[in-house]
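Colleague:
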Amino acid sequence: MTTPTKAYAAKSATTPLGPFDIQRREPTPMDVEIEILYCGVCHSDLHVARNDWGFTTYPVVPGHEILGRVTRVGSGVTRFKEGDLAAVGCMVDSCRECNNCKRDLEQFCENGMTMTYSSEDKHLGGMTYGGYSQRIVCDEAFTLSVPKNLDPAAASPLLCAGITTYSPLKRWGAGKGKKVGIVGLGGLGHMGVKFAHALGAHTVLFTTSPGKVEDGKKLGADEVVISKDESQMAAHAGSFDLILDTVSADHDLNAYLNLLKVDGTLAVVGAPPNPQPLQIFGLLMPRRQIAGSLIGGIAETQEMLDFCGEHNIQCEIELIRMDQINEAYERMLKSDVKYRFVIDMSSLS
Ligand code: NAP
Ligand code: ZN
Ligand code: ZN
C-alpha cells in the first residue's frame with residue numbers, strides 16, 4: 027500500500043518544474059512518516075534539475091532541506107512520536123555496515139548512500155523523490171530531531187546548508203585564534219559566516235556582490251573583501267588558516283590558495299560543474315592543501331542542529347510558494363538570494 031502525494035518535479039533539463047504526483051511507502055516498523063512543512067532550496071537542487079552534473083534521471087523531485095511534523099511512526103520507532111517536529115537532510119539510508127558507515131560517515135558509504143532524491147529507491151523501486159512534496163517516509167536512523175527554540179522555516183536549510191559548512195569548519199579547526207575565510211554569501215556561505223563567527227574564528231567574507239557587504243558584517247564577518255578587487259585580495263596574502271569555498275560556478279581557486287598560510291587549507295564545498303584550473307605552485311610554495319567535503323554524517327548533523335539550538339543559530343530565509351520555484355532558481359543563478367529560499371509546503375496542497 028502506498029500514499030498518493032503531491033509533488034513538484036522537473037521532467038527534463040530544460041522544462042520548468044511543475045506539479046507531479048508521487049507515491050510514498052507505508053511506514054515499515056522502523057519508519058517515520060513526516061508531513062513536510064518547509065523545504066529549503068539548495069543550489070544542488072538546481073544543478074540536478076538542470077542536469078548540470080550529468081547524472082540526473084527524470085522526472086526528478088528535488089529538495090533535501092526537509093522539516094515537518096510526524097504523522098505516523100512504525101512500531102519499532104523510539105525517538106519520534108506523532109506530532110513531533112522532525113527533519114530529513116540529504117540522505118535517507120546507507121548500508122550501515124561498511125567502515126565508513128561505522129565511523130558515522132554515511133555520506134561516504136562504501137556501498138553508496140541513498141540520497142533523498144535521485145538515488146535508487148530500495149523500497150518502491152525507481153528513484154527516490156525529495157522534499158518538494160507533501161510528505162516523506164524515512165527510516166528513523168536517518169531522521170533528525172529539531173531543537174524546539176528554532177523557527178521551523180528558518181531551521182530547514184540547516185539540513186544541508188548548515189551541515190555542509192559546519193562539518194568542514196569543525197574538521198579543519200575553525201575557532202579562536204584562527205583566521206577563516208568564507209567564499210560566497212549564498213545559502214551555504216551565510217551559514218559558514220555564522221558558524222565561523224560562533225566558533226570564535228576571525229571571520230572574513232569574500233563576495234563578488236558589493237551589495238552584500240553590510241549583511242556580511244551583520245551575519246558575523248569581522249571583515250568583508252570584494253573578491254574582484256585585486257588590491258583588497260592582496261592585502262590578505264598568506265594570512266589564512268582556512269578558507270571555505272561555497273561558490274557554485276566557475277571561479278579562480280588560485281586566488282584563494284594564495285591567501286593561505288603555510289599548511290593552510292582551502293576546503294571546497296561548492297560544486298561547479300566544470301573542472302577548475304589549479305596553479306600547482308600555489309600549493310607547493312608555501313606548503314598548502316586543498317580539500318573537499320560533502321555534507322556530514324547523521325551524528326554530526328544532529329550535533330550541528332543541537333549546536334544551533336544552543337547558540338540560537340538559524341538561517342536567513344525568504345519564504346516562497348511552491349509555484350514560485352522556477353523564478354527562485356533564476357534569482358539563485360543571479361546570486362540574488364537573501365540568503366536561502368524556503369518553500370512553504372502548505373502552498374502545495
Ligand atoms: P547559492 O545560494 O546560489 O550561493 C552561491 C554563492 O556563490 C552566490 O550567492 C555568490 O555569492 C557566489 N557565486 C555565484 N556565482 C559566482 C561566480 N561566478 N563567481 C564567484 N562567486 C559566485 O548556492 P548554495 O546553495 O550555497 O550552494 C553553493 C554550491 O555548493 C553549489 O554548487 C551546491 O551544489 C554546492 N553544495 C555542495 C554541498 C556539499 O556537500 N559539498 C552541499 C550543498 C551544496 P556572492 O554574491 O557573495 O559572490
Ligand atoms: Zn544541498
Ligand atoms: Zn556503508
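Every position in the sequence shown, counted from 1, becomes a number in our numbering once 26 is added.
Beta carbons are placed, not taken as given, at the ideal position from N, Cα and C, and that holds for glycine.
Can you give the beta carbon distance from I269 to G157, rounded, assuming they're within the 8 Å contact cut?
Modeller: That belief does not hold up - the Cβ atoms of I269 and G157 are roughly 30 Å apart, past 8 Å.
Colleague: How is the beta strand (DSSP E) around E59 delimited, first residue to last?
Modeller: Looking at the DSSP string, the run of the beta strand (DSSP E) that includes E59 is D57 to G66.
Colleague: Distance check for K32 and S373, CA to CA, integer angstroms please.
Modeller: Going by the C-alpha atoms only, they are around 11 Å apart.
Colleague: What did DSSP end up calling A227 once you bin it into helix, strand or coil?
Modeller: Of the three classes helix, strand and coil, the one that applies to A227 here is coil, per DSSP.
Colleague: Who are the near neighbours of V163 in its chain, counting only those whose CB is closer than 6 Å to its CB and skipping five residues on each side?
Modeller: Counting only Cβ-Cβ distances below 6 Å, and skipping sequence neighbours, we find R50, R51, P53, D57 and E59.
Colleague: Considering only the alpha carbon of each residue, which of S361, M348 and A325 lies closest to S159?
Modeller: It is M348 whose Cα lies nearest to the Cα of S159.
Colleague: In the DSSP assignment, the beta strand (DSSP E) including A281 goes from what residue to what residue?
Modeller: Premise fails: A281 lies in the alpha helix (DSSP H), L279 to L283, not in any beta strand (DSSP E).
Colleague: I'd like the ranges of any alpha helix (DSSP H) spanning at least 4 consecutive residues and lying wholly in the region 135-201.
Modeller: You should have 178-181 and 187-197.
Colleague: Is E240 helix, strand or coil when you go by DSSP?
Modeller: Helix at E240.
Colleague: Using the Cα positions of V67 and F168, report the straight-line distance between them to the nearest angstrom.
Modeller: Cα-Cα distance, rounded: 20 Å.
Colleague: Would A39 and R98 be called neighbours here (beta carbons separated by less than 8 Å)?
Modeller: Contact flag unset, no.
Colleague: On a Cα-Cα basis, can you pick out the residue from V172, F81 and M139 that is closest to R105?
Modeller: Per the Cα distances, V172.
Colleague: Using alpha carbons as the reference points, say which of G237, H277, I321 and C186 lies closest to D130.
Modeller: Among G237, H277, I321 and C186, the Cα nearest to that of D130 is on I321.
Colleague: Nearest-angstrom Cα distance between A35 and L292?
Modeller: Going by the C-alpha atoms only, they are around 35 Å apart.
Colleague: Helix, strand or coil: which one does DSSP assign to T97?
Modeller: Here T97 sits in strand by DSSP.
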